[in-house]
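Engineer:
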Amino acid sequence: MTDQSLTTSITSTTTPAVIQLEGAEVVLGGRTIWKNVNLSVQPGEFLAILGPNGAGKSTLLKAILGLIPLSQGRLSVFGHPARRGNAAIGYVPQRRHFDADVRVRGRSIVRLGLDGSNWGLPLPFLQPQKARDAARRVQEAIDLVGAGAYADRPVGELSGGEQQRLLIAQALVTQPQILALDEPLESLDLKNQQGVAAVIRQISQETGAAVLLVAHDVNPILPAVDRVVYVANGQVAVGTPEEVITTETLSRLYQTPIEVLRASDGRIVVVGQPAEEANHYARPLR
Amino acid sequence: MHVLFADGVSLSWNPVSDLQILLQFHFMQNAYLAGTLVATGAGIMGYFMVLRSQSFAGHSLSNVGFAGATGAALLGVPAVVGLFIAGLAAAIGIQALNVGERQSRQSDIAVGAVLTASLALGFLFIHLSTAEYAASIYDVLFGNILGISDADVNVIVWATIALLAILVCIARPLFFASLDPDVAAARGVPVRALAFGYLVLLALVVALAVQIVGVLLIFALLVTPAAIAQYMTTRPAIAVAVAVVLALIFTWLGLAVGYFTPYPVSFFITTFAFGTYLLARGVRFALDRQGRRAIASRTARVGGEA
Numbered sequence: 001m002t003d004q005s006l007t008t009s010i011t012s013t014t015t016p017a018v019i020q021l022e023g024a025e026v027v028l029g030g031r032t033i034w035k036n037v038n039l040s041v042q043p044g045e046f047l048a049i050l051g052p053n054g055a056g057k058s059t060l061l062k063a064i065l066g067l068i069p070l071s072q073g074r075l076s077v078f079g080h081p082a083r084r085g086n087a088a089i090g091y092v093p094q095r096r097h098f099d100a101d102v103r104v105r106g107r108s109i110v111r112l113g114l115d116g117s118n119w120g121l122p123l124p125f126l127q128p129q130k131a132r133d134a135a136r137r138v139q140e141a142i143d144l145v146g147a148g149a150y151a152d153r154p155v156g157e158l159s160g161g162e163q164q165r166l167l168i169a170q171a172l173v174t175q176p177q178i179l180a181l182d183e184p185l186e187s188l189d190l191k192n193q194q195g196v197a198a199v200i201r202q203i204s205q206e207t208g209a210a211v212l213l214v215a216h217d218v219n220p221i222l223p224a225v226d227r228v229v230y231v232a233n234g235q236v237a238v239g240t241p242e243e244v245i246t247t248e249t250l251s252r253l254y255q256t257p258i259e260v261l262r263a264s265d266g267r268i269v270v271v272g273q274p275a276e277e278a279n280h281y282a283r284p285l286r
Numbered sequence: 287m288h289v290l291f292a293d294g295v296s297l298s299w300n301p302v303s304d305l306q307i308l309l310q311f312h313f314m315q316n317a318y319l320a321g322t323l324v325a326t327g328a329g330i331m332g333y334f335m336v337l338r339s340q341s342f343a344g345h346s347l348s349n350v351g352f353a354g355a356t357g358a359a360l361l362g363v364p365a366v367v368g369l370f371i372a373g374l375a376a377a378i379g380i381q382a383l384n385v386g387e388r389q390s391r392q393s394d395i396a397v398g399a400v401l402t403a404s405l406a407l408g409f410l411f412i413h414l415s416t417a418e419y420a421a422s423i424y425d426v427l428f429g430n431i432l433g434i435s436d437a438d439v440n441v442i443v444w445a446t447i448a449l450l451a452i453l454v455c456i457a458r459p460l461f462f463a464s465l466d467p468d469v470a471a472a473r474g475v476p477v478r479a480l481a482f483g484y485l486v487l488l489a490l491v492v493a494l495a496v497q498i499v500g501v502l503l504i505f506a507l508l509v510t511p512a513a514i515a516q517y518m519t520t521r522p523a524i525a526v527a528v529a530v531v532l533a534l535i536f537t538w539l540g541l542a543v544g545y546f547t548p549y550p551v552s553f554f555i556t557t558f559a560f561g562t563y564l565l566a567r568g569v570r571f572a573l574d575r576q577g578r579r580a581i582a583s584r585t586a587r588v589g590g591e592a
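Sequences listed follow chains A and B, in order. In terms of the working numbering, the numbers along the first sequence are unbroken and rise by one, the last being 286. In terms of the working numbering, the numbers along the second sequence are unbroken and rise by one, the last being 592.
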């Protein structure tokens, strides 16, 4: 099966897509990041965006968020061209941690997701009902990610996993139909990785939001993933994990022999990638 | 009971008559009005400065202001105009070089070189100007709140009104952009425009505050109250309010003590701020240690039961 036929077989669907890319290409600083990308994301679908460092995984998210323009092709979100500041997309960017000396409580950071981009100041004394509504929605988002125990502590003092949960809550507080997460599991220890992955899986089921999750390692989220988008060497392959994470497809994408092994418990191990990648895939799931 | 000081102003323990004595002269009324307005603006701007880790940028703006103030005296324009123009130029430079935050050793060196050059330029301006101005150089370095004129008060009133009006509009997106620029940008907040706008407002506050506490002591109003406020609360709106109240208390107390003693006002403002800062850090340290011990003992107990 060629790359072309693999992607077209997925896009030829009839239900209205929340995100639609056709022949999309991004050029940054004279370098083509990826081209000829065809992808259509269904409501409630869980997509893992995989690939080596620098392949353009984050660029794909940023294009969908309207932060990076396409140089060719079409990209529509809810049937409209992608635009900045779309409250229907919740975004958690790739990040390091908040500095330890940031003494702002987590709840205020979650609240920013609701109305942080509005000009002017809220007036809780004049509009008590509105203030109560906002507080309730913030609390719901905090409860959804299980961050209630530490939501009022200074965010700089929290662990990476706790910070990540609060940032996911921030992205969720507008009840978005798309949740775009850029390496939310990166730099977390194994226990927190599993915890945050479980929260994301649960959110995708409970809220019905489409999830686009950039990851190095598909294993912690594998049970929830509907399809993977594999970005490598300027090309993109889309399909179910069984279709894409195969010796054949990855060898073609990387243009070098790759071996994909499947452990008896369902874990996927990819062997023969560029060196820095290899170890990420060897992490156990449980 | 009366306490007598060298300059003959007597202090009774009757607060009403003390207040009357304190405000009996026009220059003290001006000082209190100017101090109150500047402390309010500085307290709010300071909160964002600490949040954005831009205290270095504030330091730059005030040092460049030294050249601005002395240059203004040389040209015969009001010091506050020279301060603001120099601050504006520094704000544009900081934005263009993108060195607002302490990012790398290189940018620290670049800013340091520019600061030294502007101090040297200010020194040249003093040398070129008349001898009588050179004598008032202490006012630029350490402030002279007791020398605030009616015209100065006028400028401070209008500038503070403009500052507060703009802050009411941009405070929330500015808070978002300061804390989490990536997400703010994705949500449509103009992060870079706000960063520049903030520096311009900071240049304005610095230009006003230099008259109160001077180029060298400006952190007492800009950074210290906001830093203390962040030790006291993690709620942003309350922290801003606490920073303003602290800046007001330091200024009012500093003015009063400076009036009843022969010593300079800005020394007292700075010292009260510093003392409170030490106290706040000490209390925070003790509370954190207590908190950690409580968590540790709880964990140990749970571990023991399990």
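In this text, a Cβ means the ideal position worked out from N, Cα and C, and glycines have one as well. No experiment lies behind these values; they were computed from the predicted model shown.
Would you say residue 58 of chain A reaches chain B, if we count a Cβ-Cβ gap shorter than 8 Å as a contact?
Structural biologist: No, residue 58 of chain A lies away from the interface with chain B (no Cβ there is under 8 Å from its Cβ).
Engineer: Report yes if the C-beta distance between residue 522 of chain B and residue 461 of chain B is below 8 Å; otherwise report no.
Structural biologist: Yes. Within cutoff.
Engineer: Considering Cα atoms alone, identify which of A/254, A/163, A/77 is closest to residue 52 of chain A.
Structural biologist: Answer by Cα proximity: A/254.
Engineer: For residue 176 of chain A, name the three-state secondary structure that DSSP assigns.
Structural biologist: Note: residue 176 of chain A maps to coil in three-state DSSP.
Engineer: Among the residues of its own chain, which have a CB less than 6 Å from the CB of residue 66 of chain A, if the five just before and after it don't count?
Structural biologist: Cβ neighbours of residue 66 of chain A beyond the five flanking positions: 82, 83, 84.
Engineer: Going by DSSP, which residues form a beta bridge with residue 40 of chain A?
Structural biologist: In DSSP, residue 40 of chain A forms a bridge with A/20.
Engineer: Indicate the three-state DSSP secondary structure (helix, strand or coil) for residue 33 of chain A in the structure shown.
Structural biologist: Note: residue 33 of chain A maps to strand in three-state DSSP.
Engineer: Using the C-alpha atoms, what's the distance from residue 499 of chain B back to residue 309 of chain B?
Structural biologist: The straight-line gap from Cα to Cα measures roughly 20 Å.
Engineer: Specify, as a first and last residue, the run of the alpha helix (DSSP H) that residue 230 of chain A falls within.
Structural biologist: Looking at the DSSP string, residue 230 of chain A is not in any alpha helix (DSSP H); the run it does join, the beta strand (DSSP E), is 227-232.
Engineer: Return the residue from the list B/350, B/577, B/496 that minimises the CA-CA distance to residue 442 of chain B.
Structural biologist: Nearest of B/350, B/577, B/496 to residue 442 of chain B, Cα basis: B/496.
Engineer: Work out the CA separation of residue 396 of chain B and residue 197 of chain A for me, nearest whole Å.
Structural biologist: Cα to Cα, the separation comes out at about 44 Å.
Engineer: Is residue 104 of chain A close to chain B, meaning its C-beta is less than 8 Å from at least one C-beta of that chain?
Structural biologist: Residue 104 of chain A counts as touching chain B.
Engineer: How many Å lie between residue 457 of chain B and residue 524 of chain B at the Cα?
Structural biologist: Those two C-alpha atoms are separated by around 13 Å.
Engineer: Under the three-state reduction of DSSP, which class applies to residue 188 of chain A: helix, strand or coil?
Structural biologist: Correct three-state label for residue 188 of chain A: coil.
Engineer: Grab the span of the alpha helix (DSSP H) containing residue 611 of chain B for me, first residue to last.
Structural biologist: In the structure as shown, chain B starts at 287 and stops at 592, and residue 611 of chain B therefore has no counterpart that could be examined.
Engineer: By the three-class DSSP mapping on this structure, what secondary structure does residue 279 of chain A have?
Structural biologist: Interpretation of residue 279 of chain A is limited by its pLDDT of 40, a score under 50 that renders its predicted location unreliable; the figure taken from the coordinates is listed afterwards. Three-state DSSP puts residue 279 of chain A in a helix.
Engineer: Is the beta carbon of residue 377 of chain B closer than 8 Å to that of residue 347 of chain B?
Structural biologist: Yes, they are a contact pair.
Engineer: Have a look at residue 164 of chain A and residue 184 of chain A and give me their C-alpha separation to the nearest angstrom.
Structural biologist: Looking at the two C-alpha atoms, the distance is approximately 7 Å.
Engineer: For residue 59 of chain A versus residue 26 of chain A, is the C-beta distance shorter than 8 Å?
Structural biologist: Contact: yes.
Engineer: Measure the beta-carbon distance from residue 111 of chain A to residue 134 of chain A and round it to whole angstroms, keeping in mind my assumption that it falls under 8 Å.
Structural biologist: Right, the Cβ-Cβ distance comes to about 7 Å (below 8 Å), so this counts as a contact.
Engineer: Fully enclosed by the stretch 520-577 of chain B, which alpha helix (DSSP H) runs are 4 residues long or longer?
Structural biologist: Correct list: 522-546.
Engineer: Just to check my reading of the structure: residue 92 of chain A and residue 154 of chain A have Cβ atoms closer than 8 Å, yes? What is that Cβ distance to the nearest angstrom?
Structural biologist: Not quite, the Cβ-Cβ distance comes to about 20 Å (not below 8 Å), so this is no contact.
Engineer: Counting only Cβ pairs nearer than 8 Å, list the residues of chain B close to residue 93 of chain A.
Structural biologist: Here the neighbours are 468, 469, 472.
Engineer: In chain order, what residues of the same chain have a beta carbon less than 7 Å from the beta carbon of residue 484 of chain B, not counting five sequence neighbours either side?
Structural biologist: Hits under 7 Å: 334, 460.
Engineer: Along the chain, where does the beta strand (DSSP E) containing residue 91 of chain A start, and where does it finish?
Structural biologist: Start and end: 89-92.
Engineer: Just tell me which of B/574, B/327, B/539 has its CA closest to the CA of residue 304 of chain B.
Structural biologist: Nearest option by C-alpha distance: B/539.
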